[in-house]
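Engineer:
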Amino acid sequence: MDNKSMHIPLTFTKKSLTKTEIVSARSLVDCGAGGIFMDTKFARLHQLPRTKLPKPIEVFNVDGTPNTQGLITEFTRIMITINGRTKRTRFLITGLGEEQIILGLPWLRKENPIIDWEMKTLTWKKSPITFPLKHPNSVPIRTKITTSQTLAQEHEEKKKEIPLEEQIPKYYHEYLDIFDKKTATRFPASRPFDHKIDLKPGFIPKIGKTYNLSPKETAELDDFLKENREKGYIRPSQSPQAAPFFFVSKKDGSLRPCQDYRYINEHTIRNAYPLPLISDLMDKLKNAKYFTKVDVRWGYNNVRIRKGDEWKAAFVTNRGL
Numbered sequence: 546m547d548n549k550s551m552h553i554p555l556t557f558t559k560k561s562l563t564k565t566e567i568v569s570a571r572s573l574v575d576c577g578a579g580g581i582f583m584d585t586k587f588a589r590l591h592q593l594p595r596t597k598l599p600k601p602i603e604v605f606n607v608d609g610t611p612n613t614q615g616l617i618t619e620f621t622r623i624m625i626t627i628n629g630r631t632k633r634t635r636f637l638i639t640g641l642g643e644e645q646i647i648l649g650l651p652w653l654r655k656e657n658p659i660i661d662w663e664m665k666t667l668t669w670k671k672s673p674i675t676f677p678l679k680h681p682n683s684v685p686i687r688t689k690i691t692t693s694q695t696l697a698q699e700h701e702e703k704k705k706e707i708p709l710e711e712q713i714p715k716y717y718h719e720y721l722d723i724f725d726k727k728t729a730t731r732f733p734a735s736r737p738f739d740h741k742i743d744l745k746p747g748f749i750p751k752i753g754k755t756y757n758l759s760p761k762e763t764a765e766l767d768d769f770l771k772e773n774r775e776k777g778y779i780r781p782s783q784s785p786q787a788a789p790f791f792f793v794s795k796k797d798g799s800l801r802p803c804q805d806y807r808y809i810n811e812h813t814i815r816n817a818y819p820l821p822l823i824s825d826l827m828d829k830l831k832n833a834k835y836f837t838k839v840d841v842r843w844g845y846n847n848v849r850i851r852k853g854d855e856w857k858a859a860f861v862t863n864r865g866l
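The numbering of the sequence shown is our numbering, which starts it at 546 and goes up by one.
Have a look at this one:
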């Protein structure tokens with residue numbers, strides 16, 4: 546072990562539908578590593594959500610030999626806390642031997658902590674707290690990535706939204722309103738195909754439980770409630786039936802609001818109209834040369850719930866019903 550690396554403790558929250566668990570981990574801060582890594586076994590042990598990389602990354606050991614895990618093909622994105630500071634961080638998943646996490650040069654550049662390599666201490670610029678760090682015994686692997694791959698990783702974190710006019714060819718600009726996000730947020734008018742929820746005889750209403758939310762999720766919930774009440778999508782309710790509300794992480798690291806409607810789904814009379822057969826649909830494409838795709842913004846929000854059925858779709862949060 547050289548004097549350019551050391552271990553620090555970190556924690557992250559692992560949540561499921563039934564419990565919330567705070568996990569402690571030991572991370573290696575190493576300016577000789579060209580990426581931000583998590584060990585494959587560690588990610589599997591804690592059942593962390595993993596996402597496929599657009600392009601696999603080749604990894605080598607410090608002696609130049611290929612890593613036994615082969616190419617890096619997945620990453621995970623979680624909220625980690627180090628010395629009281631919480632940040633969403635993306636980890637490339639690969640074999641790290643005895644190490645659980647490696648915070649390499651990209652992390653050091655982005656977070657820019659104050660490190661005393663001689664005293665083995667790390668502080669944040671806005672925090673006066675300093676904590677000592679144990680000197681590691683040995684490191685069986687030092688992972689590195691080429692400069693181009695490091696830049697690609699940083700670019701992924703800094704993607705900016707391209708203006709709509711630049712995304713759509715000029716000869717389609719008369720239809721810009723169809724693609725516009727703001728237009729998609731309007732409250733849909735009532736139509737003959739409004740979504741109806743017909744319940745089976747003997748249905749007993751039930752108020753679902755309220756899930757614990759992290760501070761970040763609570764802030765996200767407040768934004769969600771405010772935005773959707775302003776749009777007219779939701780309103781306060783006194784319904785005897787309410788589904789639990791929680792968040793799941795999306796691929797881009799943002800949070801997706803979810804309602805658990807399993808209970809009411811079990812008591813709903815299903816529409817028996819048959820879906821088209823895949824084989825029939827494929828037969829119709831045999832001689833086709835050109836294909837189009839329809840992607841509707843906020844597809845579910847383009848169909849209203851039938852008047853009188855709204856109470857059946859209520860949900861409960863720690864902010865109320």
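Note that the Cβ used here is the ideal one computed from N, Cα and C, for glycine as well. All values derive from a computational prediction rather than experimental measurement.
Report, in whole angstroms, the separation of the C-beta atoms of Ile638 and Ser572, which I expect to be a contact under 8 Å.
Structural biologist: Numbered from its first residue, the sequence shown carries residue 638 at position 93. Numbered from its first residue, the sequence shown carries residue 572 at position 27. Going by Cβ atoms, the distance from Ile638 to Ser572 rounds to 14 Å, so no, they are not a contact pair.
Engineer: Name the residue from Gly777, Thr565 and Phe769 whose alpha carbon lies nearest to the alpha carbon of Glu855.
Structural biologist: Numbered from its first residue, the sequence shown carries residue 855 at position 310. Ranking the options by Cα distance to Glu855, first place goes to Gly777.
Engineer: Any idea what DSSP makes of Glu566, helix, strand or coil?
Structural biologist: Along the sequence shown, one-based indexing puts residue 566 at 21. In this structure, Glu566 counts as strand in the three-state DSSP scheme.
Engineer: Within 10 Å of its beta-carbon, does Glu719 have 16 or more other beta-carbons around it, so buried, or fewer, so exposed?
Structural biologist: As a position in the sequence shown, residue 719 is number 174, starting the count at 1. The residue in question, Glu719, is exposed, as its Cβ has fewer than 16 Cβ neighbours within 10 Å.
Engineer: In the DSSP assignment, find the alpha helix (DSSP H) that holds Gln712 and state where it starts and stops.
Structural biologist: Numbered from its first residue, the sequence shown carries residue 712 at position 167. From DSSP, the alpha helix (DSSP H) with Gln712 extends over Leu709 to Gln712.
Engineer: I need the DSSP call for Glu644, collapsed to helix, strand or coil.
Structural biologist: To locate residue 644, count along the sequence shown from 1; it is residue 99. In this structure, Glu644 counts as coil in the three-state DSSP scheme.
Engineer: Please identify the residue among Ser782, Leu667, Lys586 and Thr634 whose C-alpha is closest to the C-alpha of Thr558.
Structural biologist: Taking the sequence shown and counting its residues from 1, one reaches residue 558 at position 13. Among Ser782, Leu667, Lys586 and Thr634, the Cα nearest to that of Thr558 belongs to Thr634.
Engineer: Would you kindly work out how many angstroms separate the C-alpha atoms of Ile823 and Lys831, rounded to a whole number?
Structural biologist: Position 278 of the sequence shown, counted from the start, is the residue given in the question as residue 823. Position 286 of the sequence shown, counted from the start, is the residue given in the question as residue 831. Near 13 Å, if we compare the C-alpha coordinates of Lys831 and Ile823.
Engineer: Taking Lys751 as the reference, which of Leu555, Pro708, Ile779 and Phe860 has the closest Cα?
Structural biologist: As a first step, residue 751 must be located in the sequence shown, where it is residue number 206. When each option's Cα is compared against that of Lys751, the closest is Phe860.
Engineer: Less than 7 Å separating the beta-carbons of Leu866 and Ser782?
Structural biologist: Within the sequence shown, residue 866 is the residue found at index 321, counting from 1. Within the sequence shown, residue 782 is the residue found at index 237, counting from 1. Cβ atoms of Leu866 and Ser782: closer than 7 Å.
Engineer: How should Ile567 be labelled, buried or exposed, when 16 other C-beta atoms within 10 angstroms of its C-beta is the threshold for buried?
Structural biologist: Along the sequence shown, one-based indexing puts residue 567 at 22. Burial call: exposed.
Engineer: Give every residue of the same chain whose Cβ lies closer than 7 Å to the Cβ of Ala588, excluding the five residues on either side of it in the sequence, and list them in chain order.
Structural biologist: The count along the sequence shown starts at 1 and reaches residue 588 at position 43. Cβ within range, chain order: Arg595, Thr621 and Ile638.
Engineer: Return the CA-CA distance between Met827 and Gly615, expressed in angstroms with no decimal places.
Structural biologist: The count along the sequence shown starts at 1 and reaches residue 827 at position 282. The count along the sequence shown starts at 1 and reaches residue 615 at position 70. Looking at the two C-alpha atoms, the distance is approximately 38 Å.
Engineer: What does a CB cutoff of less than 7 Å around Pro880 pick up in its chain, not counting 5 residues either side in sequence?
Structural biologist: Since the displayed the chain opens at 546 and closes at 866, residue 880 lies outside it and no answer follows.
Engineer: Any idea what DSSP makes of His740, helix, strand or coil?
Structural biologist: For the purposes of this step, residue 740 is taken as residue 195 along the sequence shown, with counting starting at 1. Strand.
Engineer: Could you check the C-alpha separation between Met624 and Tyr835 for me, to the nearest Å?
Structural biologist: Stepping through the sequence shown from its first residue, residue 624 is reached at position 79. Stepping through the sequence shown from its first residue, residue 835 is reached at position 290. One C-alpha to the other measures close to 43 Å.
Engineer: Measure the C-alpha to C-alpha separation of Asp767 and Trp662 and round it to an integer number of angstroms.
Structural biologist: For the purposes of this step, residue 767 is taken as residue 222 along the sequence shown, with counting starting at 1. For the purposes of this step, residue 662 is taken as residue 117 along the sequence shown, with counting starting at 1. Looking at the two C-alpha atoms, the distance is approximately 42 Å.
Engineer: Once the 5 residues before and after Ser693 are set aside, which same chain residues still bring their CB inside 8 Å of it?
Structural biologist: Walking along the sequence shown from the start, residue 693 turns up at place 148. Residue placement at Ser693 is poorly supported in this model, since its pLDDT is 46, which falls under 50; the coordinates still yield a value, given next. Once the five neighbours on either side are set aside, Ser693 has no close Cβ partner at all.
Engineer: Might you give, ordered along the chain, the residues of its own chain that have their beta carbon closer than 8 Å to the beta carbon of Thr691, omitting 5 neighbours on each side?
Structural biologist: Counting from 1 along the sequence shown, the entry for residue 691 is found at position 146. With a pLDDT of 46 at Thr691, under the threshold of 50, the predicted position of this residue should be treated as unreliable, though the coordinate-derived value follows. Result list for Thr691: Gly579, in chain order.
Engineer: Would you mind reading off the limits of the beta strand (DSSP E) that contains Met583?
Structural biologist: Counting from 1 along the sequence shown, the entry for residue 583 is found at position 38. Met583 -> beta strand (DSSP E) spans Ile581 to Asp584.
Engineer: Kindly indicate which three-state DSSP category Arg940 falls into: helix, strand or coil?
Structural biologist: Not covered by the structure: residue 940. The range shown for the chain is 546 to 866.
Engineer: Quick one: Cα of Met583 to Cα of Arg815, how far?
Structural biologist: Position 38 of the sequence shown, counted from the start, is the residue given in the question as residue 583. Position 270 of the sequence shown, counted from the start, is the residue given in the question as residue 815. In a straight line, the C-alpha of Met583 is about 44 Å away from that of Arg815.
Engineer: Is Gly615 close to the ligand FMN? I mean its beta-carbon at under 6 Å from any heavy atom of the ligand.
Structural biologist: With respect to the ligand FMN, the structure shown offers nothing to examine, as it has no ligands at all.
Engineer: Roughly how far, in whole angstroms, is the beta-carbon of Thr585 from the beta-carbon of Gly640, given that I think they are within contact range, below 8 Å?
Structural biologist: To locate residue 585, count along the sequence shown from 1; it is residue 40. To locate residue 640, count along the sequence shown from 1; it is residue 95. Right, the Cβ-Cβ distance comes to about 5 Å (below 8 Å), so this counts as a contact.
Engineer: Which residue or residues does DSSP assign as beta-bridge partners of Leu793?
Structural biologist: Position 248 of the sequence shown, counted from the start, is the residue given in the question as residue 793. One detail in the question is off: residue 793 reads as Val in this sequence, not Leu. DSSP lists Arg801 as partners of Val793.
Engineer: Could you say which of Leu758, Thr837 and Lys829 lies nearest to Thr563 if we only look at CA atoms?
Structural biologist: Indexing the sequence shown from 1 puts residue 563 at position 18. Closest option to Thr563, Cα to Cα, is Leu758.
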